[in-house]
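**Student:**
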Amino acid sequence: MQQITLSVEQLRGMIGLRVRYRGCDYQVIEVLEDGPSLVLGELHGGAEVQNNLHGQAHRLAPHTESVPVLNTDRDGLHQEFLALELLD
């Protein structure tokens, strides 16, 4: 099977899009190259305590989710990515 190739630049074009994921509204706030994955920040939820790299409570931040873009074989899109519903 042939692998799907998506550039990070293509995925970064999604930053700022509003999506519905698992029944909640999010905005794409970052692209993680390892994977790759999209990081979603919840739009209407409450803030939660975010730890720093040392595990110490550091600040309040919106709830985030990481959604893989490619399946484990890298020959198709991940089901979680396909489940994103565009709101814009």
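Take 1199 as the starting number for the sequence shown in the numbering used here and just add one per residue.
Glycine residues also receive a C-beta, built at the ideal position from the N, C-alpha and C atoms.
Contact between the stretch 1230 to 1243 and the stretch 1256 to 1263: three or more CB pairs below 8 Å?
**Tutor:** Yes, the stretch 1230 to 1243 is in contact with the stretch 1256 to 1263.
**Student:** What distance in whole Å lies between the Cβ atoms of residue 1224 and residue 1241, which are believed to be in contact at a cut-off of 8 Å?
**Tutor:** Going by Cβ atoms, the distance from residue 1241 to residue 1224 rounds to 6 Å, so yes, they are a contact pair.
**Student:** DSSP three-state call for residue 1210: helix, strand or coil?
**Tutor:** Three-state DSSP puts residue 1210 in a helix.
**Student:** Could you check what DSSP says for residue 1248 in three-state terms: helix, strand or coil?
**Tutor:** Looking at residue 1248 - three-state DSSP - the assignment turns out to be strand.
**Student:** If you run the structure through DSSP and keep just helix, strand and coil, what is residue 1277?
**Tutor:** Of the three classes helix, strand and coil, the one that applies to residue 1277 here is helix, per DSSP.
**Student:** Apply the 10 Å Cβ neighbour rule to residue 1280 and answer buried if 16 or more other Cβ atoms are within range, or exposed otherwise.
**Tutor:** Looking at its Cβ environment, which holds fewer than 16 other Cβ atoms inside 10 Å, residue 1280 is exposed.
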